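Heads up: the sequence shown begins at 1 in full-length UniProt numbering, then just goes up one per residue.
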Amino acid sequence: MDLGLCQIVESHNADVKAVSAKQRGLSSVGRDGRVAVWAFSAEDELTEEGHKDVPCPVNSTAILARRDGQEYIFAGTSKGPILCYSPVTGEECARLEQHTANVCTLHCDSQEKLLVSGSWDGTAVVWDLEALYEGKGVHCEKIVLRGHEQSVWAVATVPGKRGYFLTGSADKTIKLWNGESVEKAMQAPDIIRAIQFVSPTHFYALCNTGIVTLWDLATCTQLASYKSLSGEFMYAMQMYSPANGPKCLVVCGEGGNAEVWLLNEDLRLTHAQALAVPVASLWTVAQLSNDSLAFGANDGKIYVFSQDPAKRISADIAEQIQNALQVKEAEKRQALQREASRDVVTIKVALEEGQPSLELRYRKGTDPQITAQEFILENGLSQGYFGQIVDFIKQSIPEANNPGAAAGKKLQKQRVVIHGEVYDYALDVTLGGGNEVKIGYNEGEDYDVAAERFCNQNDVPKAMIPKLSQMLQSQFGHIQPSAEASDPLTGANRYIPEGNGSATGGTYDALRPKSDDYPLTMSTYFERTPVAVDKAINKLAEFNNTQEDQCKLDDLELAACCAVFSNGDLESHVHLISALNKGFQWPLNTLLPVVDVFRLSILRPEINAHFFGNAHVQETLNKLRAILLTSQEQNVVLTACRAICNAFKHPKGCEAMTGDMQNWMQIFVGEVMLRWANCQTVVGAIVCNIAVFLTQNSQFVDMGPKEDAIIAIILAMKRTMEEHYATFAISPDAARNLLRAIVSLLWGDAELVRMSKNNGLMDIASTLKDCVSDEEAKNIAGDIMAMTRAV
Numbered sequence: 001m002d003l004g005l006c007q008i009v010e011s012h013n014a015d016v017k018a019v020s021a022k023q024r025g026l027s028s029v030g031r032d033g034r035v036a037v038w039a040f041s042a043e044d045e046l047t048e049e050g051h052k053d054v055p056c057p058v059n060s061t062a063i064l065a066r067r068d069g070q071e072y073i074f075a076g077t078s079k080g081p082i083l084c085y086s087p088v089t090g091e092e093c094a095r096l097e098q099h100t101a102n103v104c105t106l107h108c109d110s111q112e113k114l115l116v117s118g119s120w121d122g123t124a125v126v127w128d129l130e131a132l133y134e135g136k137g138v139h140c141e142k143i144v145l146r147g148h149e150q151s152v153w154a155v156a157t158v159p160g161k162r163g164y165f166l167t168g169s170a171d172k173t174i175k176l177w178n179g180e181s182v183e184k185a186m187q188a189p190d191i192i193r194a195i196q197f198v199s200p201t202h203f204y205a206l207c208n209t210g211i212v213t214l215w216d217l218a219t220c221t222q223l224a225s226y227k228s229l230s231g232e233f234m235y236a237m238q239m240y241s242p243a244n245g246p247k248c249l250v251v252c253g254e255g256g257n258a259e260v261w262l263l264n265e266d267l268r269l270t271h272a273q274a275l276a277v278p279v280a281s282l283w284t285v286a287q288l289s290n291d292s293l294a295f296g297a298n299d300g301k302i303y304v305f306s307q308d309p310a311k312r313i314s315a316d317i318a319e320q321i322q323n324a325l326q327v328k329e330a331e332k333r334q335a336l337q338r339e340a341s342r343d344v345v346t347i348k349v350a351l352e353e354g355q356p357s358l359e360l361r362y363r364k365g366t367d368p369q370i371t372a373q374e375f376i377l378e379n380g381l382s383q384g385y386f387g388q389i390v391d392f393i394k395q396s397i398p399e400a401n402n403p404g405a406a407a408g409k410k411l412q413k414q415r416v417v418i419h420g421e422v423y424d425y426a427l428d429v430t431l432g433g434g435n436e437v438k439i440g441y442n443e444g445e446d447y448d449v450a451a452e453r454f455c456n457q458n459d460v461p462k463a464m465i466p467k468l469s470q471m472l473q474s475q476f477g478h479i480q481p482s483a484e485a486s487d488p489l490t491g492a493n494r495y496i497p498e499g500n501g502s503a504t505g506g507t508y509d510a511l512r513p514k515s516d517d518y519p520l521t522m523s524t525y526f527e528r529t530p531v532a533v534d535k536a537i538n539k540l541a542e543f544n545n546t547q548e549d550q551c552k553l554d555d556l557e558l559a560a561c562c563a564v565f566s567n568g569d570l571e572s573h574v575h576l577i578s579a580l581n582k583g584f585q586w587p588l589n590t591l592l593p594v595v596d597v598f599r600l601s602i603l604r605p606e607i608n609a610h611f612f613g614n615a616h617v618q619e620t621l622n623k624l625r626a627i628l629l630t631s632q633e634q635n636v637v638l639t640a641c642r643a644i645c646n647a648f649k650h651p652k653g654c655e656a657m658t659g660d661m662q663n664w665m666q667i668f669v670g671e672v673m674l675r676w677a678n679c680q681t682v683v684g685a686i687v688c689n690i691a692v693f694l695t696q697n698s699q700f701v702d703m704g705p706k707e708d709a710i711i712a713i714i715l716a717m718k719r720t721m722e723e724h725y726a727t728f729a730i731s732p733d734a735a736r737n738l739l740r741a742i743v744s745l746l747w748g749d750a751e752l753v754r755m756s757k758n759n760g761l762m763d764i765a766s767t768l769k770d771c772v773s774d775e776e777a778k779n780i781a782g783d784i785m786a787m788t789r790a791v
């Protein structure tokens with residue numbers, strides 16, 4: 001394909017939300033409430049024929065060609081009614097009323113004389129246009145399709161099967177309807193934004209995340225999946241069938257990106273061309289009668305692309321567009337480079353004169369003590385080097401002296417948790433009765449989607465969606481996706497509801513303390529393979545030779561372990577599982593390489609599911625408990641703790657490690673932390689992983705597990721502090737992790753804070769605040785104490 005920009009149409013005063021092709025032109029609608037009609041001039045350029053203004057945003061449009069060729073224009077409004085404009089007078093001639101919220105999609109089938117509409121009210125409506133088609137009246141019979149739990153973003157009629165319809169929804173399902181009844185339902189990977197039939201039995205569905213999926217309607221199965229190359233959100237999809245070219249599928253979306261995919265004979269897609277314009281969003285696309293493509297953008301313009309070289313824009317305008325794109329791309333590249341440069345630092349280390357240099361890799365924002373301990377284990381060094389290595393890291397890398405700040409800066413946006421979901425930004429909104437809640441927004445997200453989600457979460461009437469959407473646009477419309485984007489929750493441009501403080505002050509919510517460190521959003525894993533792989537393999541083989549025959553690993557089992565150490569592919573999981581089952585029977589003084597193989601193995605989903613699945617979970621947990629409670633080998637205990645952190649990489653491990661909170665917390669906090677000072681930070685990471693899982697998956701678990709976790713932490717800490725009052729000590733990193741886990745579990749939950757307060761949380765926070773000198777840990781403890789005072 002060789003599509004090039006041929007015209008930029010100044011069409012609307014706000015986002016162009018939808019365009020639809022006419023015989024010789026198109027109709028466009030936008031957030032400015034304008035319904036515009038465009039026709040091709042003698043020079044084959046779009047010129048405005050006229051427009052109508054509607055007192056609300058208009059977000060969808062469709063065209064019906066009646067029997068004599070005259071065309072009706074339909075416009076779906078944000079308030080629910082669908083307006084129909086006469087092809088003769090240009091005035092409104094019918095108003096289709098059924099929807100109670102924004103009509104976000106319209107599909108007109110002129111052959112079947114039907115209009116299908118989808119809405120934020122969770123329904124689709126099929127309108128019979130027979131009377132309009134025949135030019136005999138404006139009355140339209142209708143049937144209402146009820147069955148989706150959230151907005152219906154995509155609708156279509158099934159080719160050749162009258163009375164059958166297809167709908168796609170924000171509830172991540174695609175439904176096949178026979179009249180008003182759901183005949184089949186399909187589970188999609190994400191929110192469905194568009195549906196396009198490519199044959200009577202096959203269709204493509206576009207997901208919000210940019211995934212295009214091919215489906216077989218007869219079996220309701222997904223046949224193929226394609227990811228957009230831009231990696232951005234995608235909002236619209238259109239079949240492109242030029243007269244002198246192959247059939248294609250076109251998608252467009254965030255970042256001004258559009259992609260053209262060739263449709264092969266077997267209905268598979270092959271990438272053909274990437275298009276881009278210097279805007280934040282392309283909301284819609286349509287193929288016009290002259291084989292050009294028209295895209296509606298957030299800047300109020302329509303961008304028209306053509307394969308005809310003679311129609312291309314002038315060299316001056318093309319250069320301006322290219323320069324703007326280059327600036328945009330350079331800014332994105334620079335942001336990525338800045339992010340990458342802040343991430344990992346590699347240092348050459350020579351421990352003794354004459355010895356070869358070793359590579360020490362420190363990831364900014366992480367604990368230098370963990371890095372030092374990993375470096376010692378990976379290189380088989382003496383623990384006597386630990387303090388020297390930590391000091392060396394801190395001297396060489398300034399950020400290592402305050403890793404929490406570095407991590408917080410990197411994760412500045414990804415820290416707002418609302419209803420268990422993590423959002424880039426949040427605004428405070430006051431509902432009726434003075435109840436203050438947060439509305440979450442992700443960078444680059446459709447404002448309508450964010451507003452609708454907020455209404456669903458808080459039982460807010462759907463009629464509020466347009467106002468909320470406009471509020472989000474006013475606050476975030478100026479934000480371009482960037483690693484350095486400011487945070488409206490705490491920045492100068494944050495939204496302050498009326499009566500809730502000044503533009504610079506705002507209100508302080510003690511139950512939701514604002515920090516870059518919490519609520520926690522990311523788990524900690526120990527994924528690094530040994531630097532000296534050969535040394536690790538040799539140690540495994542050496543210990544294996546000392547085992548009794550029934551516990552000795554055979555060649556295939558050893559090979560499987562070696563593949564794990566070198567991060568290679570496994571021919572079979574059977575041999576690795578067998579090797580670990582035998583290895584866990586080895587004496588504790590030879591167990592280190594086995595536990596290290598286990599640490600790396602459970603990062604693989606199949607191995608994780610085996611050892612933490614229903615059939616083997618209790619056996620696995622018993623083995624881990626035995627190691628933590630009986631081993632006198634510090635490195636074995638430390639590696640076992642790291643393995644437990646890695647268990648949280650996959651669902652089965654998460655479920656297993658959050659099932660018996662009281663006993664596990666007593667082991668971690670009451671036993672391991674006291675016996676092994678070097679294990680304290682890793683234990684803190686385990687507790688943080690528990691908090692991340694329970695807070696980010698709160699839609700799947702009730703309050704019980706969170707309650708168990710926080711009470712278990714409090715009881716274990718109380719018992720430890722009381723029994724070891726004179727000798728209790730905790731590292732700053734461990735204290736920080738424990739406190740971050742506590743504040744994340746409690747965040748925004750007054751009832752849980754009250755219950756924790758009654759169980760002695762204030763004493764725990766106060767003691768930790770007093771026994772560490774780290775200012776960051778003291779601040780977190782202070783926030784927890786403020787939370788308890790708030791209830």
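Idealized CB from N, CA, C, for every residue including glycine. Predicted model only: the values in this text are computed from it and were never measured.
For the set V683, I537, S41 and T270, the Cα lying nearest the Cα of M1 is the one of T270. Here DSSP, grouped into helix, strand and coil, assigns V594 to helix.
For D555 and R599, the gap between their C-alpha atoms comes out near 21 angstroms. Remark: C-beta atoms of T167 and A188 do not approach each other more closely than 9 angstroms. Annotation: the continuous beta strand (DSSP E) that includes M237 extends over M234 to Y240.
Secondary structure at H202: strand, using DSSP grouped into helix, strand and coil. Contact between L761 and L739 fails: their C-beta atoms lie close to 11 angstroms from each other, not under 8 angstroms. Contact check for S27 against C108 fails: the beta carbons are separated by 9 angstroms or more.
Straight-line spacing of the CA atoms in V29 and V531 works out to 59 angstroms.
Under the DSSP definition of a beta bridge, S27 partners with S20 and V37.
Comparing alpha carbon positions, the residue from A626, N614, G387 and V304 closest to E655 is N614. 9 angstroms or more divides the Cβ of F612 from the Cβ of I577. When the beta-carbon positions are compared, V692 and T521 come within less than 9 angstroms of each other. Taking 9 angstroms as the cut-off, the beta carbon of S60 is found closer than this to the beta carbon of A75. Proximity to R736 across Y518, L624, F40 and I143 peaks at Y518, based on C-alpha coordinates. Fewer than three Cβ pairs drawn from the region 10–25 and the region 259–266 lie within less than 8 angstroms of each other, which leaves the two stretches out of contact. Going by beta carbons, L540 and L558 fall inside the 9 angstroms limit. Remark: C-beta atoms of I192 and L214 do not approach each other more closely than 9 angstroms. Here DSSP, grouped into helix, strand and coil, assigns F305 to strand. Within the region 663–730, not a single complete beta strand (DSSP E) segment reaches 3 residues in length. Note on geometry: alpha-carbon atoms of C645 and S169 lie some 36 angstroms from one another. Comparing alpha-carbon positions, the option among M673, G748, A781 and T681 lying closest to F728 turns out to be M673.
Around the CB of D32, 16 or more other CB atoms lie within 10 Å, so the residue is classed as buried. Our two residues, Y447 and S773, have alpha carbons roughly 44 angstroms apart in a direct line. For L694, the CB contacts under 7 angstroms within the same chain, skipping 5 residues up- and downstream, are T658, V701, P705, K706, A709 and L745 in chain order. For the set G296, D44, V37 and S151, the Cα lying nearest the Cα of A310 is the one of D44. With contacts defined as CB atoms closer than 9 angstroms, Q369 and V390 qualify as a contacting pair. The bridge partners DSSP lists for C455 come to none.
In the DSSP annotation of this structure, the continuous segment of the alpha helix (DSSP H) that includes C645 starts and ends at Q634 to A647.
The criterion of a C-beta distance shorter than 9 angstroms is not satisfied by K247 and M234. Annotation: the region 88–171 contains the following complete segments of the alpha helix (DSSP H) (minimum length 4 residues), in chain order: 130–134.
For I711, the closest C-alpha among the options L358, A39, A463 and D660 is that of D660.
If you ignore the 5 residues before and after V277, its C-beta comes within less than 6 angstroms of the C-beta of G256 and Y303, all in its own chain and listed in chain order. Within the DSSP secondary-structure output, R361 pairs in a beta bridge with T346.
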